[in-house]
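Take a look at the structure set out below.
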Amino acid sequence: MKSRREFLKDAATGAIALGSAAATEKLGFAGMLGQQSAEHATTGRSRVVIARDASLEGTGAQPDEQRVLNLLDKAMAAYTGREKPVEAWKNIIPPNILAGGVIGLKVNGLGGRGISTHAALTMAVAERLQQAGVRAGNILVWDRDKWSLGNCGMSVNTDAGRVRCYGNDVGGYEDEQVQCGAVRVRLTKILTRECAMVINLPILKDHEMAGITFSMKNMYGAVDRPYALHGNNCNPGVADVNCMPVVREKVKFTIGDALSSVYDGGPGFRPERLWYPNALVVGEDRVALDTIAWGMIEQKRAEAGLLSLEAAGRRPDYIATAADGAHWLGTNDPRQIHLLNV
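In UniProt numbering, the protein residues as written are 1 to 342.
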């Protein structure tokens, strides 16, 4: 089994209103973010894990690879209840995909080198997948294009004997458009034809139009015209993209990168608004994940003396839309989210 350093060398050639601190407190959301519980949900609520390592706090350099791997293991153990990393991953990946399906790792490099999915996390996931039995060539790191991947510390590699890495500019888009709700786009062939399953690796950020960008909005990187889907604070654009059957069915799990984050002025890199949550946010329910991410951003903005996203005119209403009866992508009700802080 190759080391992480070798991997890097290879691959690098309506039910909620969280718009204000008062609303957050009213719903008990601030308490959720601060709770310290490692017991598993037994009530059918959507489970979300926030795993933290305060010692990861950085100064602009890449986080320590071993500490990131350890943090990933802690998050996966808390989510699955399996202490051994290999067993945790086997609990997440269906046996038929482990046996030969391609697993896509959807990173996000849109914000530039200062605020993109960390390479240390991407390759830690790739390492654990291989240890669980996934062939290296059946792991495909992808994003929009070569530039975005470069911002994530990756470079194009199509060698089927190694962890592969390329974007939609290489994989191409389907000729025919698909429609869901108000959205009509062409989807990347990486998602439609190559990947049997996608693990979502977004990075937590403020967004000047959407309010926040995390799990669901990362799927804008799977369509040919994301720029056309930003009207009305990306609502219902984000919900409609995620409601497309191939996105709903193949994007199975999210390991959100909150090692560092921008809490204002995003989605681009804003060093004056950079902070280090030193966390991974893990789960299957994409709406619950974005609900938790919203709370994290609001909490930090309040600490910094900034307006809430609602007061700033960019409340992420697409989260509630994604939870509504027409989309049914998950829950945005904190009472139905079982949050584990570890």
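Backbone N, C-alpha and C fix where the C-beta goes; we use that ideal spot for every residue, glycine too.
Expected contact under 8 Å - CB spacing of residue i and residue j to nearest Å
| i | j | result |
| --- | --- | --- |
| M219 | V247 | 6 Å |
| I97 | A228 | 32 Å between Cβ atoms; not a contact. |
| P316 | G111 | Incorrect: roughly 17 Å between the Cβ atoms, too far for contact. |
| M244 | A322 | About 12 Å; that fails the 8 Å criterion. |
| D257 | T117 | 5 Å |
| R72 | R164 | The question names Arg, but residue 72 in the sequence shown is Leu. In fact, because the Cβ distance is near 20 Å, the residues do not count as touching under 8 Å. |
Range of the contiguous alpha helix (DSSP H) that encloses residue i
| i | result |
| --- | --- |
| C243 | G237 to C243 |
| S46 | No alpha helix (DSSP H) holds S46; the beta strand (DSSP E) holding it covers S46 to R52. |
| C180 | Not the alpha helix (DSSP H): C180 falls in the beta strand (DSSP E), residues V178 to C180. |
| K90 | P85 to I92 |
| G111 | Premise fails: G111 is in no alpha helix (DSSP H) and is neither H nor E. |
| N151 | K146 to N151 |
| residue 344 | The structure shown has nothing for residue 344, since the chain only spans 1 to 342. |
| A311 | Per DSSP, A311 belongs to no alpha helix (DSSP H) and is neither H nor E. |
| R225 | Neither: R225 is in no alpha helix (DSSP H) and is coded neither H nor E. |
| Q66 | E65 to T80 |
| C234 | G231 to C234 |
| A322 | Y318 to A323 |
Strand pairing of residue i, partner residues [DSSP]
| i | result |
| --- | --- |
| residue 397 | This structure does not reach residue 397, given that the chain is present from 1 up to 342, and the question cannot be answered. |
| T338 | Thr is not the amino acid found at residue 338; the sequence shown has His there. For H338, which the question treats as bridged, DSSP gives the partners R47. |
| Y173 | T188 |
| R164 | L140 |
| K205 | T213 and V262 |
| V125 | Note: V125 sits in no beta bridge, so no partner. |
| L274 | V262 |
| N96 | N96 pairs with nothing; no bridge assigned. |
Beta carbon of residue i nearer than 9 Å to that of residue j
| i | j | result |
| --- | --- | --- |
| P94 | G100 | no |
| L56 | A124 | no |
| D285 | I319 | no |
| V282 | M76 | yes |
| E174 | T192 | yes |
| I255 | L340 | no |
| G221 | S155 | no |
| A132 | W89 | yes |
| S46 | G330 | yes |
| G167 | K146 | yes |
| K106 | P202 | yes |
| A54 | N332 | no |
| G153 | Q62 | yes |
| V185 | D224 | yes |
| I190 | G109 | no |
| G172 | G137 | no |
| I50 | V342 | yes |
| F269 | I199 | no |
Range covered by the beta strand (DSSP E) that runs through residue i
| i | result |
| --- | --- |
| I212 | G211 to T213 |
| W142 | I139 to W142 |
| G283 | A279 to G283 |
| V185 | V183 to V185 |
Practice task
Evaluate contact between the region 77 to 85 and the region 173 to 183, counting only Cβ atoms and requiring at least three cross-stretch pairs below 8 Å.
Solution key: Segments in contact, no.
Practice task
Mind the definition here: the region 197 to 211 touches the region 291 to 311 only if three or more C-beta pairs lie below 8 Å; say whether that holds.
Solution key: Short answer: they touch.
Practice task
Answer yes if the region 225 to 241 comes into contact with the region 125 to 141, meaning at least three C-beta pairs across the two stretches below 8 Å, and no otherwise.
Solution key: Segments in contact, no.
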